[in-house]
Amino acid sequence: MSDLSKIPVTVVTGFLGAGKTTLIRHLMANPQGKRLAVLVNEFGTAGVDGDILQSCADENCPAENIVELANGCICCTVADDFIPTIETLMALPQKPDHILIETSGLALPKPLLKAFDWPAIRSRITVDGVIALADAEAVAAGRFAPDVEAVEAQRAADDSLDHETPLSEVFEDQIACADIVLLSKADLAGEAGLAAARAVIEAEAPRKLPVLPMTEGVIDPRVVLGLEAAAEDDLDARPSHHDVVDDHEHDDFDSIVVDLGEIADVAALEAAILRLARDQHALRVKGYVAVAGKPMRLLVQAVGERLRTQYDRPWGDAPRRSHLVVIAEHHDINEPAIRAILGA
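Following the UniProt record's numbering, the numbering of the sequence shown begins with 1 at its first residue and continues without gaps.
The following block contains the structure:
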């Protein structure tokens, strides 16, 4: 089988809350005549992202073409989850023309790219490209520090910056593996923020990369699909902090799922979620909430102290239940305190 007959795969990576699901929803809505399949890797035990994408299924990407892997980081469960799932998608009666993979916010993309060399699939699929999303406002605010000299200057002034956090290492690996970087939430960052974020990305990238602004996940699909990068054959140009080891652990991160009853006071819940970011250092809170007296479910998406809520669809016959996934670094997960703040 020639390269031209391989099914192209686009890997969408990026830090927690960068907007990966929103981008994929946009690509699903604008498939350019292609039949798509989506593989979403959820970190945590509640399939929020997978559920969002399932709600967008249509004839171009039917529900059976949307698969969720929730058993751990996709790059750590290649043999058990990823390879069998790809084989299942390729065995569908109507094979997809293009596969989109949304990695978890903690995934290192390079181990995943290596999986495309597995004998069972290497002659049948190819990595069309790796798209890294970076929150423009967060990057511009200096939450990651690829500049070693700047880190050393900060370290001299503040002992709390004695070492980089695991988050910055994940961020750097994702940028280093990318073919295109999308600066998401460009409207919040403004022109100055975009310029600052672009400078950080360009300093971190091991090679010249397109760095493009994006708002609400909207980007011309022709820009991000059809790159023909064959990234699985280009691993040497995509350096990683973990090149010297065979695998990696995610013990630095943990998550809990908090089940709640119907919520009467949305403002009080929002205040509690913001308190999780301030007091418990929660990185990410996401999920669905049943609001008393409301026929539609409330979608909750929080990144640090940035919180967005919206009523996304009617409950219909589905059970009215509220559950939130809370993600933080391992040492910041205090389950009793988190549950107390949320009133669980």
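Ideal Cβ positions, reconstructed from N, Cα and C, are used throughout, including at glycine.
Going straight from the alpha carbon of S168 to that of A178, what length do you get? 16 Å
Between which two residues does the alpha helix (DSSP H) holding R278 run? 266 to 279
Give the secondary structure of K185 by DSSP, where H, G and I count as helix, E and B as strand, and everything else as coil. coil
Continuous alpha helix (DSSP H) stretch holding H241: start and end: Run containing H241: none; DSSP gives neither H nor E here.
Enumerate in chain order the residues of its own chain whose CB-to-CB distance from E262 is below 6 Å, with the five nearest sequence positions on each side excluded. Within the same chain, E262 has close Cβ partners A290, A292.
Identity of the residues DSSP links to residue 391 by a beta bridge: Here the chain has residues from 1 to 344 only, and residue 391 is not among them.
Quick check on DSSP: helix, strand or coil for T215? strand
Cβ pair I180, I7 closer than 8 Å: no
Can the beta-carbon of V325 be found less than 8 Å from the beta-carbon of G17? no
Since A136 contacts A189 with CB under 8 Å, what's their CB separation in whole angstroms? 4 Å
Please confirm if the stretch 14 to 29 is in contact with the stretch 212 to 231, defined as three or more CB-CB distances below 8 Å between the two stretches. yes
Which of the three DSSP states, helix, strand or coil, is assigned to T13? In the structure shown, T13 adopts extended strand secondary structure according to DSSP, grouped into three states.
For G41 and S104, I'd like the C-alpha separation in whole angstroms. First, the amino acid is wrong: residue 41 is Asn here, not Gly. The C-alpha of S104 is placed about 5 Å away from the C-alpha of N41.
Using CA atoms only, rank isn't needed, just tell me which of D312, I86, R207 is closest to L298. D312
Ignore the nearest five residues each way along the sequence and tell me which others in A237's own chain have a CB closer than 8 Å to its CB. P206, R207
Rounded C-alpha distance that separates M214 from H330: 31 Å
If you draw a straight line from the C-alpha of E335 to the C-alpha of D233, how long is it? Near 43 Å, if we compare the C-alpha coordinates of D233 and E335.
Helix, strand or coil at P314 according to DSSP, with G and I counted as helix: P314 sits in a strand when the DSSP states are folded into three classes.
CA-CA distance, I83 and R284? 28 Å
Report the three-state DSSP secondary structure of E335 (helix, strand or coil). helix
Are the Cβ atoms of L106 and V211 separated by less than 8 Å? no
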